[in-house]
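Position one of the sequence shown corresponds to residue 118 (the working numbering), numbered consecutively onward. Note that the Cβ used here is the ideal one computed from N, Cα and C, for glycine as well.
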Amino acid sequence: MEPSDVDAPLSVLLVHVWYWPHIGGGNQHVEHIARQLVARGHKATVWCADIPEHDEKQFVRDGVKVIRLPPKRVLGGIDPVVSIKNLDMNFDIVHLHDTLPVLIRRSLKRARNKKIPVVTTFHNDYIKTSLSGKILKRIRWALQGRRTLQASDARIALTPYYANHLKNRGVSKRIDVLPNGFEPVAEDASRPSSLPADSEDIPLLVFVGRLSEQKGLDVLMDAWDLLCQQGEPKARLAIAGSGELNEWLEQRIASSAYPDSIAKLGRVEDAEKRWLFEQAKGVLIPSRFEGLPTVLLEAMHAGAPAVMADVNDLGRLVTEPNAGLSVSPGDSQDLLKAINRLLEADDAQIKTWSENGHEASKPYLWSNVVDDLLNVYRRVRT
């Protein structure tokens with residue numbers, strides 16, 4: 118690449134199994150990158166599996182060309198088998214998001230054959246508890262995951278923890294650390310209509326995320342039950358999101374000693390999420406594992422003190438800037454202590470956490486993250 122080409126527009130292919138309208142952190146990550154690239158005058162194309170099935174298989178959304186690939190079958194319920202042999206691959210950069218899926222590995226092979234530079238982002242690890250699951254995970258990593266990263270021209274981890282994790286698992290080449298980013302909600306804050314009318318009169322604690330064990334919903338409910346054992350809570354817990362534990366959550370709320378202290382909101386719009394963060398005395402994130410949760414960054418930027426489970430070293434993101442509290446993952450007693458500290462904190466402490474969190478979130482704005490990503494793209498093209 119000639120020096121005069123440094124700022125030339127790029128044609129970038131982003132590959133991820135999931136994309137809009139699928140809801141999830143990974144596909145939102147890809148969508149934000151694509152939109153930022155287009156805003157800078159670059160071309161962005163996304164390849165993804167057609168899950169859930171969408172009427173249009175090819176369309177343009179926010180300036181991003183999207184190609185949805187119907188799967189022949191889905192391995193293990195999570196890995197769609199798709200064909201890319203009839204797709205044009207005339208790109209300057211191929212950016213893979215994940216290491217294991219069929220779509221990722223086939224895209225890598227095509228790009229290598231065409232000598233197109235490949236960048237791969239490792240988003241997070243996954244947990245297997247059974248012996249057979251652990252063995253299969255090791256085999257897939259050795260035969261697929263590590264090979265994908267080693268064969269790429271650049272490798273990206275979202276946090277220093279994951280960079281070290283990859284090195285310890287045999288990735289010997291350079292790993293760049295580029296965090297997950299976020300965009301502040303542009304819409305004016307809007308109070309969720311499903312929230313009880315008296316919620317402004319008492320402290321509000323908020324959980325926003327998928328209703329799942331991964332996100333620690335059971336840990337949260339166990340901690341809230343412990344709080345209820347101390348007497349009627351002088352706070353309301355608002356739970357926003359949907360997921361596989363939806364019915365389970367309804368049953369847990371019904372069996373609570375103080376069911377009126379919990380508000381199940383379902384999925385909320387961005388404007389409603391902004392309202393929750395701005396009004397919350399604390400945002401609770403008791404996840405069992407994460408890459409870098411967008412909800413943490415959004416909450417900090419909105420000025421909400423955060424309680425973050427110290428999984429994969431994420432606790433330091435709130436403790437180092439004094440923006441909230443860190444708790445042990447899976448520990449409902451520890452989460453209860455943090456909830457009590459939030460509720461007992463005076464206005465000065467809340468103000469300190471709020472202001473520090475807002476400042477600490479700024480480097481994670483998508484505009485800053487994509488500036489660094491473009492430097493990686495240009496480096497692998499030289």
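Shortest alpha-carbon distance to residue i belongs to which of the options?
i	options	result
Leu204	Leu220, Arg178, Glu386 and Lys454	Leu220
Lys390	Thr411, Glu367 and Val235	Thr411
Ser224	Leu266, Gly194 and Lys479	Leu266
Val264	Glu461, Lys226, Val336 and His146	It is worth fixing the name first, because residue 264 is Arg in this sequence and not Val. The shortest C-alpha separation from Arg264 is found at Lys226.
Pro350	Glu461, Leu213, His475 and Lys479	Glu461
Ser378	His212, Ala314 and Gln261	Ala314
Arg495	Ala455, Val199, Val211 and Lys479	Val211
Lys381	Leu334, His418 and Asp387	Leu334
Ala416	Ala477, Ser311, Arg272 and Ile273	Ala477
Ser310	Asp270, Ala388, Asp318 and Thr237	Ala388
Gln347	Val177, Pro188, Val134 and Asn457	Asn457
Ala352	Asp318, Val177 and Leu414	Asp318
Ala440	Glu364, Asp167, Lys468 and Asn144	Lys468
Lys479	His418, Val435 and Asn144	His418
Thr499	Gly447, Ser443, Ala271 and Arg157	Ala271
Gly447	Gln368, Asp339, Pro169 and Leu414	Asp339
Leu414	Gln368, Val325, Asp451 and Glu364	Val325
Note down the Cα distance separating residue i from residue j, rounded to an integer number of angstroms.
i	j	result
Pro120	Ile184	Bear in mind that the predicted position of Pro120 carries a pLDDT of just 41, short of 50, making it too unreliable to give a figure here.
Arg405	Met206	38 Å
Pro422	Glu437	13 Å
Leu453	Gln396	20 Å
Ala228	Lys332	35 Å
Ser445	Ile402	11 Å
Gly142	Gly298	10 Å
Leu321	Ile356	11 Å
Ile370	Pro376	5 Å
Leu354	Ala426	17 Å
Leu217	Gln261	6 Å
Val132	Ser373	44 Å
Val235	Val497	8 Å
Ala151	His282	27 Å
Ala125	Asp215	27 Å
Leu213	Glu173	23 Å
Gln175	Asn285	40 Å
Lys232	Ser269	11 Å
Asp464	Ser471	10 Å
Leu130	Val400	35 Å
Leu312	Gly383	10 Å
Leu455	Ser449	What sits at residue 455 in the sequence shown is Ala, not Leu. So the alpha carbons of these two residues sit roughly 10 Å apart.
His475	His146	20 Å
Ile201	Asn144	19 Å
Val435	Asn230	44 Å
Pro187	Ile168	8 Å
Arg222	Tyr136	17 Å
Ser443	Lys189	44 Å
Glu364	Asn473	37 Å
Tell whether a beta-carbon distance below 8 Å holds between residue i and residue j.
i	j	result
Tyr75	Phe239	Residue 75 lies beyond the range of the chain shown here (118 to 499); nothing can be said about it.
Leu393	Val323	yes
Asp179	Leu127	no
Leu459	Lys398	yes
His149	Glu386	no
His159	Pro138	no
Leu275	Gly408	yes
Val181	Val155	yes
Val288	Pro197	no
Ile507	Thr237	There is no way to answer for residue 507, as the model of the chain reaches only from 118 to 499.
With DSSP as the reference, please indicate the residues paired to residue i in a beta bridge.
i	result
Phe299	Leu482
Glu165	This sequence places Cys at residue 165; Glu is not what is there. Note: Cys165 sits in a beta bridge opposite Arg185.
Gln175	Ile184
Ser200	DSSP output for Ser200 lists no bridge partner at all.
Ser269	Answer by DSSP bridge pairing: none, since Ser269 is not bridged.
His214	Thr238
Gly399	Leu322
Lys128	Correcting the residue identity first, residue 128 is Ser in this sequence and not Lys. Answer by DSSP bridge pairing, in chain order: Lys160.
Ser443	Met425
Gly383	Ala357
Ala274	Phe239 and Val294
Val435	Beta-bridge pairing links Val435 to no other residue.
Leu219	Here the sequence assigns Val to residue 219, which means Leu is not the residue at that position. For Val219, which the question treats as bridged, DSSP gives no partner whatsoever.
Arg227	According to DSSP, which records beta bridges pairwise, Arg227 is partnered with nothing at all.
Taking 7 Å as the line, does the beta carbon of residue i fall inside it for any heavy atom of the ligand NAD?
i	result
Trp164	The model on display carries no ligand, and the ligand NAD is accordingly not part of it.
Count the C-beta pairs between the stretch 476-483 and the stretch 302-320 that are closer than 8 Å, then say yes if the count reaches three, no if not. Flag = no, the stretch 476-483 and the stretch 302-320 do not touch.
Is there contact between the stretch 355-371 and the stretch 323-331, where contact requires at least three CB pairs shorter than 8 Å? Contact annotation: the stretch 355-371 touches the stretch 323-331, with at least three C-beta pairs closer than 8 Å.
Between the stretch 486-499 and the stretch 286-299, do three or more beta carbon pairs fall short of 8 Å? They touch, by the three-pair rule.
With three or more beta-carbon pairs closer than 8 Å as the criterion, would you say the stretch 339-352 touches the stretch 414-433? no
At least three beta-carbon pairs within less than 8 Å, the stretch 430-448 to the stretch 160-180: no
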